[in-house]
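These protein sequence lines are chains B and L, in that order.
The number in my numbering is simply the position in the first sequence, starting from 1, with 544 added.
The number in my numbering is simply the position in the second sequence, starting from 1, with 19 added.
Backbone N, C-alpha and C fix where the C-beta goes; we use that ideal spot for every residue, glycine too.
Quantities reported herein were computed from a predicted structural model and do not represent experimental measurements.
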Amino acid sequence: MTVNIDEMSSREMLQYYQSLLDEKARTHKKEGKPVCWSSSVAPSEIFVAMDIALCYPETHAAGIGAKHGAMDMLEYSEGRGYSNDICSYARINISYMELLKEKARTGITPEILANCPGADIPLPDLVVCTNNICNTLLKWYENLAFELDIPCIVIDVPFNHQMPVEPHRKKYIAAQIEAAIPVLEKVCGRAFDHQKFLEVQKQTRRSVEQWLKIAEMAAYKPSPLNGFDLFNYMALIVCARSTEYAEKTFRKFVAELQEKLDSGKYAFGDNEKMRFVWEGIAVWPHLAHTFKSLKQNGMLLTGSTYPSVWNLQYEPGDLESMGECYSNVYTNTCLDNRAGVLSKVATDAKCDGVVLHQNRSCKLMCFLNNDTASVVQDRTGLPYVMFDGDQTDPRNFSPAQYDTRIQSLFEMAQQNKK
Amino acid sequence: MSRITEILATFDDVAAHPRKAIDSFIQETGKGAVGFAYVYGPEEIVHAAGLLPVGMWGAHVPISKARAYLPPFACSIAQSIMELECSGVYDVLSAVVFCTPCDTLKCMSQMWRGKCPSLTFVHPQNRGLEAANIYLAQEYRNLKERLEAIIGQTISDAAITRSIAVYNANRRIMRTFSDIAADHPDIIDPLKRHAVNKARFFMDKARHTALVTELVDELNRLPKAAWKGPRIVLSGIMAEPDGFLDIFKEAGFAVVADDLAQESRQYRHDVPDASGHDDPLYRLAQWWQALDGCSLATDPSKHRGAMLIDMVSRHKADGVVMAQMKFCEPEEFDFPIIYQQLDQAGIPNLMIEVDLEANAFEQIKTRVQTFRDVLA
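Below, the structure written as structure tokens:
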């Protein structure tokens, strides 16, 4: 079947490229070429330069959660001794890995795997983990590597209690990227392609530029962008930022948003009553509920911190600059920086309030929510609410509590406007 | 009272009343104390300045003020440290130092509610590289400079080198103590063994070493106990509150070795010799890289399980008890793999969730009694 990318909408491109990436991983596996499972903000550049197919467990687990397939996976991991206090992405992915392993060993597809609504991705030949999102990843990837007896590349980015990233940290990170290269050469059985590496870095930068442009569209009031869409498009900044797929799709999306803006077609039509920042990961199993409750109140998500997570604008060819960018990812920085980013997002996106997800799966993203929100409130005067939830464990979310909190924020914001 | 009883009573007293121990140190020396929030810190730098390094591992206290700052799914070490911060318990300290090997500590290190300054450093988690040692030595150098500014004195390399020797001597005698204690479980019960370990965090190391040395000498004079009860290896972050170990004591268990972060992980290997590296901070960095079998030190080979199996064999233990700190993700990730490995090796094991705030132990008691019956 001939595919004409130019005729596709950005949403169609998003789906097409996602399936293409999964297909590439499956083809690689069949042909004996390497497949790597990667954390969401690891330096994909060195892998793409070596034509290693990448799969992203966090995105994969989110997909399973959004398609209501999480419970089977969660129960399976709990049956193997994993505490239900552990990050639900990790529990889902470790189950998926174990089920694939069982299938490879027995030749029979386990029923849970057959019923899994997630994308069909193959077992990895190596894993790469960068802890700029959290240190949970280190333990999760340790277990993957051990259970599969495969190489585990760690690109450790020490947490930044102060900014900017200190020189000795940049050197340490750059040294790790250099040390990873011989591992890739061994896995691939050929020399590292430095020329392609440079091209891939340039591509990554172009993808990031377009990604940031999407968020800029939320500055318009009323906004043509519904910030919830970033939860979907994010898949490509995670999985394809080092290929042209992400750049092309984001470029198209920006053009569509511009067209909407020009023709006065706003995300909520004429019902944009309030704009807010969403801090934290989506509640994937309850995505529809979280969105609908907001929409009913005319509350539009315009402020997201996701753009700053993949704000990887480094100097191609400079490993220390690259290391710095992977290190100063929003979630790897101090409270002061975090509050600064959040305040700027709220101001730029003309927000009236902040919603913070107290995510049971993510200690790092929620233990500081209280302190961060207080600073943001001091700096911007915006009210905030927090609700209890979980990125993919459906048991840890209460729709009634969520609705009450959202309603409270709406009322506080209305009061603020008077 | 025998000398053994006297020494054990001293350790009991220090472990049970850290504030008294800190106050008397300050009174005797005129120097201050610096807190090290769990789990690993370069205490030698503080020791070199003549100050008392103090371990902060939480406490068995009711949690109320901390609830305003931490959600219920933070571990009880963090919860109780926060409670003590809010209650002014740490105000006696000149500074506190936070390491950040887990996400909870990344957050805790930024939520300090005490009055003294708080300092941070970050261990490298890519532990096989020379670049990691160079990086960590620089982290320690930065930490040392910030400490110097706070305490108003410089800390020389020579003084740190001397302190490393003092600490290594303590590590050596603690390893010896751990082995000898296993031969005398009738005297060194699980709670007393823990008190000897815990007192390390509130006493001058040289004094602790002298007392433990004396204790070891006294124990060496006695014949080995003819112990009929089960012998276990304890693994986890820590084995508190005391109500937890009391169950094992009452059920007639002997702790013959441990793999606890608060206990033997602190001293099972020395800071390496200089061997061409004059920089004592570099040597301290090497200690971290050599640390093996700890959930907080990244290790894709997951050596901890094999290490536990070896400990069981070397100490002729009957089983392993995993003291699983509730809400500690690093430990929770290790457990399923260790469980499989112990099972495959035919080693009986029991996992118990540990919570510093716990007051009711009946359920744990039933499980421990059942485990004793299994081992019998």
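field: Reduced DSSP category for residue 881 of chain B - H, G, I as helix; E, B as strand; rest coil
entry: The count along the first sequence starts at 1 and reaches residue 881 of chain B at position 337. Helix, per DSSP.
message: Can you pull the chain L neighbours of residue 680 of chain B, defined as C-beta to C-beta under 7 Å?
response: Within the first sequence, residue 680 of chain B is the residue found at index 136, counting from 1. What residue 680 of chain B touches in chain L: 122, 348.
field: DSSP three-state assignment for residue 17 of chain L, whether helix, strand or coil
entry: Residue 17 of chain L cannot be examined here, being either before or after the span of chain L that is shown, 20 to 395.
task: Decide if residue 361 of chain L is buried, meaning its Cβ has at least 16 other Cβ atoms within 10 Å, or exposed.
output: For this step, residue 361 of chain L is matched to residue 342 along the second sequence. Its Cβ being crowded by 16 or more others within 10 Å, residue 361 of chain L is buried.
query: Taking Cβ-Cβ distances shorter than 7 Å, what residues in chain L pair up with residue 802 of chain B?
result: To locate residue 802 of chain B, count along the first sequence from 1; it is residue 258. From the beta-carbon of residue 802 of chain B, no residue of chain L is found nearer than 7 Å; the closest lies around 39 Å away.
task: State yes or no: is the beta carbon of residue 895 of chain B nearer than 9 Å to at least one beta carbon in chain L?
output: Within the first sequence, residue 895 of chain B is the residue found at index 351, counting from 1. Among the CB atoms of chain L, none fall inside 9 Å of the CB of residue 895 of chain B.
query: Can you list the residues of chain L that residue 900 of chain B reaches, using a CB-CB cut of under 7 Å?
result: The residue you call residue 900 of chain B lines up with position 356 of the first sequence. Within 7 Å Cβ-Cβ: nothing; residue 900 of chain B doesn't reach chain L, min ~12 Å.
query: So, is residue 901 of chain B buried or exposed, given that buried needs 16 or more other C-beta atoms within 10 angstroms?
result: Position 357 of the first sequence, counting from 1, holds the residue named residue 901 of chain B. Around the CB of residue 901 of chain B, 16 or more other CB atoms lie within 10 Å, so the residue is classed as buried.
- prompt: Counting Cβ pairs, one atom from each stretch, are 3 or more of them under 8 Å apart for the stretch 74-91 of chain L and the stretch 150-161 of chain L?
  reply: Under the three-pair Cβ rule at 8 Å, the stretch 74-91 of chain L does not count as touching the stretch 150-161 of chain L.
- request: Taking all protein chains shown into account, decide if residue 934 of chain B is buried (16 or more other Cβ within 10 angstroms of its Cβ) or exposed.
  value: Taking the first sequence and counting its residues from 1, one reaches residue 934 of chain B at position 390. Flag for residue 934 of chain B reads buried.
message: Can you pull out the residues from the stretch 142-168 of chain L whose beta carbon lies closer than 7 Å to at least one beta carbon of chain B?
response: The stretch 142-168 of chain L vs chain B, Cβ under 7 Å: 143, 144, 145, 148, 150, 151, 154, 157.
- prompt: Does DSSP put residue 830 of chain B in a helix, in a strand, or in coil?
  reply: For this step, residue 830 of chain B is matched to residue 286 along the first sequence. Residue 830 of chain B falls in the helix class under three-state DSSP.
message: For the stretch 707-719 of chain B against the stretch 852-867 of chain B, do three or more pairs of beta-carbon atoms, one drawn from each stretch, fall closer than 8 Å, so that the two count as touching?
response: Cβ pair count under 8 Å is three or more, so yes.
message: Counting C-beta neighbours from all protein chains within 10 Å, is the total for residue 549 of chain B 16 or more, i.e. buried, or is it exposed?
response: For the purposes of this step, residue 549 of chain B is taken as the residue at position 5 of the first sequence. Exposed, since its Cβ has fewer than 16 Cβ neighbours within 10 Å.
- prompt: For residue 106 of chain L versus residue 125 of chain L, is the C-beta distance shorter than 9 Å?
  reply: Position 87 of the second sequence holds residue 106 of chain L. Position 106 of the second sequence holds residue 125 of chain L. No; because the gap between Cβ atoms is not below 9 Å, this pair is not in contact.
Residue 273 of chain L (DSSP reduced to helix, strand or coil): Numbered from its first residue, the second sequence carries residue 273 of chain L at position 254. Residue 273 of chain L sits in a strand when the DSSP states are folded into three classes.
- prompt: Under the three-state reduction of DSSP, which class applies to residue 846 of chain B: helix, strand or coil?
  reply: Taking the first sequence and counting its residues from 1, the one referred to as residue 846 of chain B is at position 302. Looking at residue 846 of chain B - three-state DSSP - the assignment turns out to be strand.
task: Note down the Cα distance separating residue 709 of chain B from residue 675 of chain B, rounded to an integer number of angstroms.
output: As a position in the first sequence, residue 709 of chain B is number 165, starting the count at 1. As a position in the first sequence, residue 675 of chain B is number 131, starting the count at 1. Separation of residue 709 of chain B and residue 675 of chain B (C-alpha to C-alpha, rounded to the nearest whole angstrom) is 15 Å.
message: Against chain L, with Cβ distances strictly below 9 Å, would residue 625 of chain B count as a contact?
response: Here residue 625 of chain B refers to the residue found at position 81 when the first sequence is read from its first residue. Interface residue, yes.
- prompt: Can the beta-carbon of residue 253 of chain L be found less than 9 Å from the beta-carbon of residue 274 of chain L?
  reply: One-based indexing of the second sequence puts residue 253 of chain L at position 234. One-based indexing of the second sequence puts residue 274 of chain L at position 255. Yes, they are a contact pair.
message: Taking 9 Å as the threshold (C-beta atoms), are residue 161 of chain L and residue 720 of chain B in contact?
response: By 1-based counting over the first sequence, the position of residue 720 of chain B is 176. By 1-based counting over the second sequence, the position of residue 161 of chain L is 142. Result no, Cβ atoms of residue 720 of chain B and residue 161 of chain L do not sit closer than 9 Å.
message: Measuring alpha carbon to alpha carbon, tell me which residue in B:745, B:625, B:653, B:850 is nearest residue 594 of chain B.
response: Position 50 of the first sequence, counted from the start, is the residue given in the question as residue 594 of chain B. Restricting attention to B:745, B:625, B:653, B:850, the CA atom closest to the CA of residue 594 of chain B is found in B:745.
message: Please identify the residue among B:847, B:693, B:650 whose C-alpha is closest to the C-alpha of residue 887 of chain B.
response: Locating residue 887 of chain B in the first sequence gives position 343, counting from the first residue. Checking every option, the nearest Cα to that of residue 887 of chain B belongs to B:847.
- prompt: How about residue 686 of chain B: is its C-beta nearer than 9 Å to some C-beta of chain L?
  reply: Translated into positions along the first sequence, residue 686 of chain B becomes position 142. Closer than 9 Å to the CB of residue 686 of chain B there is at least one CB belonging to chain L.
message: Within 9 Å of any Cβ in chain B, is that where the Cβ of residue 128 of chain L sits?
response: Here residue 128 of chain L corresponds to residue number 109 of the second sequence, with the count starting at 1. Yes, because at least one Cβ of chain B sits closer than 9 Å to the Cβ of residue 128 of chain L.
query: Is residue 63 of chain L helix, strand or coil when you go by DSSP?
result: Locating residue 63 of chain L in the second sequence gives position 44, counting from the first residue. In the structure shown, residue 63 of chain L adopts helical secondary structure according to DSSP, grouped into three states.
task: Please report how far the alpha carbon of residue 780 of chain B lies from the alpha carbon of residue 568 of chain B, in whole angstroms.
output: By 1-based counting over the first sequence, the position of residue 780 of chain B is 236. By 1-based counting over the first sequence, the position of residue 568 of chain B is 24. Looking at the two C-alpha atoms, the distance is approximately 15 Å.
task: Report back the beta-carbon spacing between residue 822 of chain B and residue 845 of chain B to the nearest angstrom; my notes put them in contact at under 8 Å.
output: As a position in the first sequence, residue 822 of chain B is number 278, starting the count at 1. As a position in the first sequence, residue 845 of chain B is number 301, starting the count at 1. Contact flag correct, Cβ pair sits at about 5 Å.
- request: Can you tell me which of L:192, L:45, L:303 puts its alpha carbon nearest to the alpha carbon of residue 60 of chain L?
  value: Numbered from 1 along the second sequence, position 41 holds the residue referred to as residue 60 of chain L. It is L:303.
Beta-carbon neighbours of residue 700 of chain B, restricted to chain L and to distances below 7 Å: What you label residue 700 of chain B is simply residue 156 of the first sequence in a count that begins at 1. Correct list: 143, 144, 145.
field: CA nearest to the CA of residue 220 of chain L, picked from L:193, L:167, L:180, L:236
entry: In the second sequence, the residue the question calls residue 220 of chain L occupies position 201. Checked all of L:193, L:167, L:180, L:236; the closest Cα to residue 220 of chain L is L:193.
message: Would residue 170 of chain L and residue 113 of chain L be called neighbours here (beta carbons separated by less than 9 Å)?
response: Against the second sequence, residue 170 of chain L aligns to sequence position 151. Against the second sequence, residue 113 of chain L aligns to sequence position 94. Going by beta carbons, residue 170 of chain L and residue 113 of chain L fall inside the 9 Å limit.
- request: Mind listing, in chain order, the continuous alpha helix (DSSP H) runs of no fewer than 4 residues lying wholly within the stretch 596-649 of chain B?
  value: The qualifying runs are 601-610, 614-623.
- prompt: In terms of residues, what are the limits of the beta strand (DSSP E) holding residue 867 of chain B?
  reply: Along the first sequence, one-based indexing puts residue 867 of chain B at 323. Careful: residue 867 of chain B lies outside any beta strand (DSSP E), inside the alpha helix (DSSP H) at 863-871.
Cβ distance (whole Å) where residue 311 of chain L is taken to contact residue 679 of chain B below 8 Å: Here residue 311 of chain L refers to the residue found at position 292 of the second sequence. Here residue 679 of chain B refers to the residue found at position 135 of the first sequence. The Cβ separation is near 19 Å, so there is no contact.
message: For residue 229 of chain L and residue 207 of chain L, I'd like the C-alpha separation in whole angstroms.
response: Along the second sequence, read from residue 1 onward, the residue named residue 229 of chain L stands at position 210. Along the second sequence, read from residue 1 onward, the residue named residue 207 of chain L stands at position 188. If you take the alpha carbons of residue 229 of chain L and residue 207 of chain L, they lie about 18 Å apart.
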